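Novice: Same order as they appear, the protein sequences are chains E and G. Each residue of the first sequence is one higher than the one before, starting from 1 at the first, in the UniProt record's numbering. Each residue of the second sequence is one higher than the one before, starting from 1 at the first, in the UniProt record's numbering.
Number of protein chains: 2
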Amino acid sequence: MSTLRIALAQIDTCVGNLVTNASTVLAYAKRAAADHARIVAFPEMTLTGYPIEDLALRATFRQAAWDTAADLAQTLQQEGLGDLYVVVGTIGTDHDNGKPRNRLVVLHEGQVVAGYDKHFLPNYGVFDEFRIFSAGERSTVLTIDGVRVGVAICEDIWQEGGPVADLAGQGIDLLLTINGSPYEEGKGHIRQELAARRAAEVNAPIIYLNQVGGQDDLVFDGGSFVLDTDGTLLERSPMFMENLSFFTLDTNQTRQTPTTIAALPDPDEEVYTACVLGLKDYMAKNGFTGVTLGLSGGIDSALVAAMAADACGGENVWGISMPSMYSSDGSKDDAADLAHNLGAHYEVQPIEPLFMAFQDQLHLEGVSAENLQARIRGVIVMATSNSKNVLALATGNKSELACGYSTIYGDAVGGYAPIKDLFKTKVWQIARWRNKALTQGMGIGGLNVVGNEDGASGIMPASGVIIPVNSIEKAPSAELRPGQKDSDSLPEYALLDQVLAAYIEHAHGRADLIADGFDEQTVDTVMRLVDRAEWKRRQYPLGPKVSALAFGRDRRLPVTNAFRE
Amino acid sequence: MSTLRIALAQIDTCVGNLVTNASTVLAYAKRAAADHARIVAFPEMTLTGYPIEDLALRATFRQAAWDTAADLAQTLQQEGLGDLYVVVGTIGTDHDNGKPRNRLVVLHEGQVVAGYDKHFLPNYGVFDEFRIFSAGERSTVLTIDGVRVGVAICEDIWQEGGPVADLAGQGIDLLLTINGSPYEEGKGHIRQELAARRAAEVNAPIIYLNQVGGQDDLVFDGGSFVLDTDGTLLERSPMFMENLSFFTLDTNQTRQTPTTIAALPDPDEEVYTACVLGLKDYMAKNGFTGVTLGLSGGIDSALVAAMAADACGGENVWGISMPSMYSSDGSKDDAADLAHNLGAHYEVQPIEPLFMAFQDQLHLEGVSAENLQARIRGVIVMATSNSKNVLALATGNKSELACGYSTIYGDAVGGYAPIKDLFKTKVWQIARWRNKALTQGMGIGGLNVVGNEDGASGIMPASGVIIPVNSIEKAPSAELRPGQKDSDSLPEYALLDQVLAAYIEHAHGRADLIADGFDEQTVDTVMRLVDRAEWKRRQYPLGPKVSALAFGRDRRLPVTNAFRE
Numbered sequence: 001m002s003t004l005r006i007a008l009a010q011i012d013t014c015v016g017n018l019v020t021n022a023s024t025v026l027a028y029a030k031r032a033a034a035d036h037a038r039i040v041a042f043p044e045m046t047l048t049g050y051p052i053e054d055l056a057l058r059a060t061f062r063q064a065a066w067d068t069a070a071d072l073a074q075t076l077q078q079e080g081l082g083d084l085y086v087v088v089g090t091i092g093t094d095h096d097n098g099k100p101r102n103r104l105v106v107l108h109e110g111q112v113v114a115g116y117d118k119h120f121l122p123n124y125g126v127f128d129e130f131r132i133f134s135a136g137e138r139s140t141v142l143t144i145d146g147v148r149v150g151v152a153i154c155e156d157i158w159q160e161g162g163p164v165a166d167l168a169g170q171g172i173d174l175l176l177t178i179n180g181s182p183y184e185e186g187k188g189h190i191r192q193e194l195a196a197r198r199a200a201e202v203n204a205p206i207i208y209l210n211q212v213g214g215q216d217d218l219v220f221d222g223g224s225f226v227l228d229t230d231g232t233l234l235e236r237s238p239m240f241m242e243n244l245s246f247f248t249l250d251t252n253q254t255r256q257t258p259t260t261i262a263a264l265p266d267p268d269e270e271v272y273t274a275c276v277l278g279l280k281d282y283m284a285k286n287g288f289t290g291v292t293l294g295l296s297g298g299i300d301s302a303l304v305a306a307m308a309a310d311a312c313g314g315e316n317v318w319g320i321s322m323p324s325m326y327s328s329d330g331s332k333d334d335a336a337d338l339a340h341n342l343g344a345h346y347e348v349q350p351i352e353p354l355f356m357a358f359q360d361q362l363h364l365e366g367v368s369a370e371n372l373q374a375r376i377r378g379v380i381v382m383a384t385s386n387s388k389n390v391l392a393l394a395t396g397n398k399s400e401l402a403c404g405y406s407t408i409y410g411d412a413v414g415g416y417a418p419i420k421d422l423f424k425t426k427v428w429q430i431a432r433w434r435n436k437a438l439t440q441g442m443g444i445g446g447l448n449v450v451g452n453e454d455g456a457s458g459i460m461p462a463s464g465v466i467i468p469v470n471s472i473e474k475a476p477s478a479e480l481r482p483g484q485k486d487s488d489s490l491p492e493y494a495l496l497d498q499v500l501a502a503y504i505e506h507a508h509g510r511a512d513l514i515a516d517g518f519d520e521q522t523v524d525t526v527m528r529l530v531d532r533a534e535w536k537r538r539q540y541p542l543g544p545k546v547s548a549l550a551f552g553r554d555r556r557l558p559v560t561n562a563f564r565e
Numbered sequence: 001m002s003t004l005r006i007a008l009a010q011i012d013t014c015v016g017n018l019v020t021n022a023s024t025v026l027a028y029a030k031r032a033a034a035d036h037a038r039i040v041a042f043p044e045m046t047l048t049g050y051p052i053e054d055l056a057l058r059a060t061f062r063q064a065a066w067d068t069a070a071d072l073a074q075t076l077q078q079e080g081l082g083d084l085y086v087v088v089g090t091i092g093t094d095h096d097n098g099k100p101r102n103r104l105v106v107l108h109e110g111q112v113v114a115g116y117d118k119h120f121l122p123n124y125g126v127f128d129e130f131r132i133f134s135a136g137e138r139s140t141v142l143t144i145d146g147v148r149v150g151v152a153i154c155e156d157i158w159q160e161g162g163p164v165a166d167l168a169g170q171g172i173d174l175l176l177t178i179n180g181s182p183y184e185e186g187k188g189h190i191r192q193e194l195a196a197r198r199a200a201e202v203n204a205p206i207i208y209l210n211q212v213g214g215q216d217d218l219v220f221d222g223g224s225f226v227l228d229t230d231g232t233l234l235e236r237s238p239m240f241m242e243n244l245s246f247f248t249l250d251t252n253q254t255r256q257t258p259t260t261i262a263a264l265p266d267p268d269e270e271v272y273t274a275c276v277l278g279l280k281d282y283m284a285k286n287g288f289t290g291v292t293l294g295l296s297g298g299i300d301s302a303l304v305a306a307m308a309a310d311a312c313g314g315e316n317v318w319g320i321s322m323p324s325m326y327s328s329d330g331s332k333d334d335a336a337d338l339a340h341n342l343g344a345h346y347e348v349q350p351i352e353p354l355f356m357a358f359q360d361q362l363h364l365e366g367v368s369a370e371n372l373q374a375r376i377r378g379v380i381v382m383a384t385s386n387s388k389n390v391l392a393l394a395t396g397n398k399s400e401l402a403c404g405y406s407t408i409y410g411d412a413v414g415g416y417a418p419i420k421d422l423f424k425t426k427v428w429q430i431a432r433w434r435n436k437a438l439t440q441g442m443g444i445g446g447l448n449v450v451g452n453e454d455g456a457s458g459i460m461p462a463s464g465v466i467i468p469v470n471s472i473e474k475a476p477s478a479e480l481r482p483g484q485k486d487s488d489s490l491p492e493y494a495l496l497d498q499v500l501a502a503y504i505e506h507a508h509g510r511a512d513l514i515a516d517g518f519d520e521q522t523v524d525t526v527m528r529l530v531d532r533a534e535w536k537r538r539q540y541p542l543g544p545k546v547s548a549l550a551f552g553r554d555r556r557l558p559v560t561n562a563f564r565e
């Protein structure tokens, strides 16, 4: 036989939840078999979830993962799927040194019949794999119905040499790579270019199968694809949703037949959907069904509220307006309009009586009194979080997080910060896009969103927008003293965001920034703010390490962790 | 010549503060030369500070560090110290791939005359060196006055093979290792046993020179030492303080002559001093001269206040008693006594009026109402922190941090948590020791402590104790509802701390813990609490990554960072 039908199961797993992850594999395997697949492939570390961080170091976890793979192989057999080759990621153990390994296994005829260990262990950016895994040394080729399938795991195709170079010398018919590649704006085309180079290198088509879903602070965007030997796109799965697609390899043909190619979202939709999916999955995987947040009438809280309503339905969003003596009427109206547009709960808790009660005792002035207002709001948001058992959302954006332009334990309160990685100028852009998406009836990354006909709330506001135009257009202000504007303390955002991008994302130093054309005073202001802000981002976990294992940088555990053994 | 006089400069550096670090090197080099040293050795990454985390990835920082080393070599020459061999740690660049390297350089006759790059890059526990450095491949032997000195950096001696094995084959007269080895309880003897093995391996005496001082959540304990070829201790520097000591190697002798051997602190003094030094340095390196904290009358805040007074003087400690309707009179008295004993500022801010003001609006019940009390206290502590520009201290211990038994944004408020790595049972033990140290007039790690004759405050309380006995002996309670005790929610601490040690420090799973003899119910309670508490420890930085570089696990920057270029 010279054809091989492969199912690409782009699924959303949960770290530590071996039982649920195995069930998902079984369900997709059934669907794959029903559609005549010989192989069904799942993402990197399917059974364990990914990334598992230091949970990998727990021996009971590795044992349980091993048992899960063995049990799953038997269950597949019992369910009449023994013929199917099920390729899943999991954790293994290096028999030489006992260290964990990032492993791909093949389940077939009730057994774990083959394995491959990831060779290149990324240890930059968000990755810490050299910390927890030892590296595999051998390449693996599966021969199925006479077709030679080489396998690789994620970083293996990002580095020169290693298993791909090895496979290139062995003559394979297909390269199958399973991935847990986190979302970054515009990363899709980088993956595709890279995969095209590897297809050329091994002289065969390549399947790039990616994980989908949010895990703590990462979002996996899916967007799995198949390229022909010459780089032609043969298949593309949608981004940001679970999906099962099929590709049939015919080794008698030099050109393969294309199949379904999902459309790509536009760049703003892509970012918006990534944020919504990250929040939605964080809630689901940590047992939250609703959220609460302060609604100031400003753009940050408005965008976060819209994302939250799209993630869990407006009826599960508790918005709290907490006006002070410095809040403008416009701000209060904008907050109310927003909540109405989203179908969210809306409550007004004026902070003035509370502020006066504190001031009777504390007599604070200046920034201390400004922070007090923000902290009273933080207390109210957390009271709602506790009493309604909903997740508190922090509404800070990347510009203010970078500069420390927020009150710690005040507006920075929250268990999850949906827009913490969006610069302020991007916040405005995405908010405008969200309004446009509504009026044009555009879908949003397959999500069931507020305002769309099939949306959770089905509301179409009379104003024709979700986010009040005033929230987008007015000059940003913390409203903590009369007439305050962000621009009193920070450069204008259009400039600030450029400096921040150069300083943070491109690691430019002072001299580089001045050479970039930014004026000295702006550069010095921004550098001073950014360098100091790390202090705010790292409260409480900071304290001296005394024992062999302290909390903090010693132990790197996933927040989402369903493992209980 | 067959003798070589070496100065061991055990100094405290600051990450990013190239100028100050270079000045300290110059000052110690002068003292070393005045006492006829030929070589003066400094700790790992002396010029840059250590650990520098992702600051290593900034090109301007590497350039500035390089310039600093070159300038320092010239300054030493100009100051008449050109003859001296000055061994310092710094950052280098790998010319093949542009990656940073963890480098040792030798300054002599106005030049950087030799270099060695760390071979083994630790990437476990608190270490992330594989992430930021590339590994050196060559060993280096310095020949000075005919004496062959092999060099190594920290982890190089912790792993088998590598540069030490290489040096063993080359015949050296002395092994000099420069270190940034963080403190852990009881680690001193492990280092010494290891060094003895390496001395035997290279068949020569070994100098183990360690950094001292606090850097973010690490404390470096110093305790540098020299061992003879047979492992005999020849020199030991004191722990927890800067120090310059000397050792003269005579290659004509098979046994070297011992010199100063500093006494070791007792185990409780060691832990206490580590916590005080960590706090003291965190304050100094981040520009704080005072602290504030809530004084509940309980043991945690009492011990933290004592540490703070020992770190910065009682007159720089602002203690705030914040009684509620549930606070016992005993608690209020204990808080007042403690502040008096420490010579600390003491203020009473009843929270009942504030609590009533919130409840008029919020009508909270149960745990939500308990958390409200703790959060009102958090607001007051932060108000003091802001208005007096002092560091807020969190008083949580490791047992409650592990179990999440605290109110986020409430008692967990603070920029630094001095006892976050002490289990509750250890808190009691250390508090008792601190009282005993006072009454016996014992020194504390060379620190100028409250109550000692030469102490900063010079107070000897009439009670004969610093920490009120009642704070140590009463049953622990959060006092957030009538008659509340910690034991209502947690196993007794004597048991809890054992389970926590087994679960956290030894990574025992559920089955292991039951095999350890703990009952199932306790095991399940503790595992559930601990697994959930990660959520509390990781607030706000958590949110979806959208760009190539987000805050959170992407960028790992030191909090203390004085670099401004």
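We put the CB at the ideal spot given by N, CA and C, even for glycine. On a predicted model such as this, the values are computed, not experimentally measured, just so you know.
(1) Is there contact here, the stretch 247-257 of chain E with the stretch 10-20 of chain E, by at least three beta-carbon pairs under 8 Å?
(2) Name the chain E residues that come within less than 8 Å of Trp-535 (chain G), Cβ to Cβ?
(3) So, using beta-carbon positions, are Arg-375 (chain G) and Met-322 (chain E) closer together than 8 Å?
(4) What is the DSSP secondary structure of His-36 (chain G), reduced to helix, strand or coil?
(5) If we require 4 or more residues per run, which alpha helix (DSSP H) segments fall completely within the stretch 71-155 of chain E?
(6) Closest to Arg-432 (chain E) by CA distance: which of E:Thr-46, E:Ile-467, E:Pro-163 and E:Gly-414 is it?
(7) Just verifying my parser: in three-state terms, what is the DSSP assignment at Ala-562 (chain G)?
(8) Determine the chain C residues that contact Ile-380 (chain G) at a beta-carbon separation under 9 Å, and present them in chain order.
(9) Could you give the distance in angstroms between the alpha-carbon of Gly-458 (chain E) and the alpha-carbon of Arg-198 (chain E)?
(10) In the DSSP output, which residue or residues are listed as bridge partners for Tyr-208 (chain E)?
(11) Is Pro-544 (chain G) closer than 8 Å to Pro-418 (chain E) when the C-beta atoms are compared?
(12) Less than 8 Å between the C-beta atoms of residue 567 (chain G) and Gln-159 (chain G), yes or no?
(13) Please report how far the alpha carbon of residue 590 (chain G) lies from the alpha carbon of Ile-380 (chain E), in whole angstroms.
(14) Is the stretch 544-562 of chain E close to the stretch 21-38 of chain G, with three or more CB pairs under 8 Å?
(15) Whose Cβ in chain E lies nearer than 9 Å to the Cβ of Ala-123 (chain G)?
(16) Does the CB of Arg-564 (chain E) have a neighbour CB from chain G at under 8 Å?
(17) For Val-413 (chain E), which of helix, strand or coil comes out of DSSP?
(18) Can you list the residues of chain G that Phe-551 (chain E) reaches, using a CB-CB cut of under 8 Å?
(19) Mind pulling the chain G residues with CB within less than 8 Å of Val-271 (chain E)?
(20) Check the Cβ of Leu-218 (chain G) against every Cβ in chain E and list those closer than 9 Å, keeping chain order.
(21) Can you list, in chain order, the stretches of the beta strand (DSSP E) that have 3 or more residues and sit fully within the stretch 210-295 of chain G?
(22) Once the 5 residues before and after Tyr-282 (chain G) are set aside, which same chain residues still bring their CB inside 6 Å of it?
(23) On a Cα-Cα basis, can you pick out the residue from E:Asn-102, E:Ala-357, E:Ser-471 and E:Ser-487 that is closest to Ala-306 (chain E)?
(24) Would a check of beta-carbon distances place Val-367 (chain G) closer than 8 Å to chain E?
(25) Could you tell me whether the stretch 336-355 of chain G touches the stretch 484-503 of chain G, using the rule of 3 or more Cβ pairs below 8 Å?
(26) Counting only Cβ pairs nearer than 8 Å, list the residues of chain E close to Ser-324 (chain G).
(27) Taking Ala-402 (chain G) as the reference, which of G:Ala-263, G:Tyr-493 and G:Thr-289 has the closest Cα?
(28) Quick one: what's got a C-beta closer than 6 Å to Gly-378 (chain G)'s C-beta in the same chain, skipping five residues either side?
Specialist: Put simply:
(1) no
(2) Asn-286, Gly-415 and Val-559
(3) no
(4) coil
(5) 129-132
(6) The option with the nearest alpha carbon to Arg-432 (chain E) is E:Ile-467.
(7) coil
(8) Among the protein chains of the structure shown, namely E and G, there is no chain C.
(9) With a pLDDT of 43 at Gly-458 (chain E), under the threshold of 50, the predicted position of this residue should be treated as unreliable, though the coordinate-derived value follows. Distance between the alpha carbons of Gly-458 (chain E) and Arg-198 (chain E): 46 Å.
(10) E:Thr-177 and E:Phe-225
(11) In this structure, Pro-544 (chain G) lies closer than 8 Å to Pro-418 (chain E) by Cβ.
(12) One cannot answer for residue 567 (chain G) here, as it falls past the ends of chain G, which runs 1 to 565.
(13) Chain G is shown only over 1 to 565; residue 590 (chain G) falls outside these bounds and no answer can be derived.
(14) Taking a cut-off of 8 Å on C-beta distances, the stretch 544-562 of chain E does not touch the stretch 21-38 of chain G, as fewer than three cross pairs fall below it.
(15) A small fix is needed here, since residue 123 (chain G) is Asn in this sequence, not Ala. For the C-beta of Asn-123 (chain G), the chain E residues within less than 9 Å are, from N- to C-terminus, Asn-123, Asp-128, Phe-130 and Arg-131.
(16) yes
(17) Three-state result, Val-413 (chain E): coil.
(18) Lys-398, Leu-401, Ala-402, Lys-420, Asp-421 and Arg-537
(19) The contacting residues are Val-546.
(20) Pro-544, Lys-545 and Arg-553
(21) 212-215, 218-221, 225-227, 233-236, 243-250 and 291-294
(22) Gly-214 and Tyr-416
(23) E:Ser-471
(24) yes
(25) Not touching, per the Cβ criterion.
(26) Neighbours of Ser-324 (chain G) on chain E: none; closest Cβ ~14 Å, over 8 Å.
(27) G:Tyr-493
(28) Tyr-409, Gly-410 and Val-413
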